[in-house]
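Student: Pasting a structure below so you can have a look.
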Amino acid sequence: MGGKARHLPTPATQFTYTNSDNVYNFNYTGSNPYTSIGWDFGDNTPGSNNPNPTHTYTASGSYIVCTHICHTGTYWVFIMNCIYF
34 MGGKARHLPT
44 PATQFTYTNS
54 DNVYNFNYTG
64 SNPYTSIGWD
74 FGDNTPGSNN
84 PNPTHTYTAS
94 GSYIVCTHIC
104 HTGTYWVFIM
114 NCIYF
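Numbering of the sequence shown is given in this note's numbering, commencing with residue 34 and proceeding in unit increments.
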């Protein structure tokens with residue numbers, strides 16, 4: 034058995050956001066390319082598969098926002114960020 038191992042770069046999933054009157058604009062800034070992306074806004078509402086979604090929070094509180102990507106169909110990467118308002 035000969036050959037060389039091929040190491041793929043570890044993908045990174047990152048995002049930024051802005052807020053105006055509890056309307057949050059999220060911007061995915063992580064690894065590309067990816068084959069799919071998903072968001073969970075932490076408030077029991079439907080998520081999104083848009084890389085740059087907008088979400089409105091209807092109640093004050095602390096929310097854990099998660100995004101995940103599938104990188105070239107091989108593995109998933111997750112990141113969480115807390116938003117307080």
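Note that beta-carbon positions come from the ideal geometry of N, C-alpha and C, so glycine has one too. Source: prediction; values computed, not measured.
Would you kindly check if the distance between the Cβ of residue 67 and the Cβ of residue 104 is under 8 Å?
Tutor: Their beta carbons are under 8 Å apart, which means residue 104 touches residue 67 by this criterion.
Student: Suppose you measure from the CA of residue 84 to the CA of residue 70; what does that come to, to the nearest Å?
Tutor: Straight-line Cα distance between these residues: approximately 7 Å.
Student: Give me the Cβ distance between residue 59 and residue 88, rounded to the nearest whole Å; I'm assuming they're in contact under 8 Å.
Tutor: Correct: roughly 7 Å between the Cβ atoms.
Student: Per DSSP, residue 73 forms a beta bridge with which residues?
Tutor: Per DSSP, 99.
Student: With a threshold of 6 Å on Cβ separation, who are the neighbours of residue 73 within its own chain once the five nearest residues in sequence on each side are excluded?
Tutor: The answer, listed in chain order, is 80, 99.
Student: Straight-line CA distance for residue 75 to residue 64?
Tutor: Near 23 Å, if we compare the C-alpha coordinates of residue 64 and residue 75.
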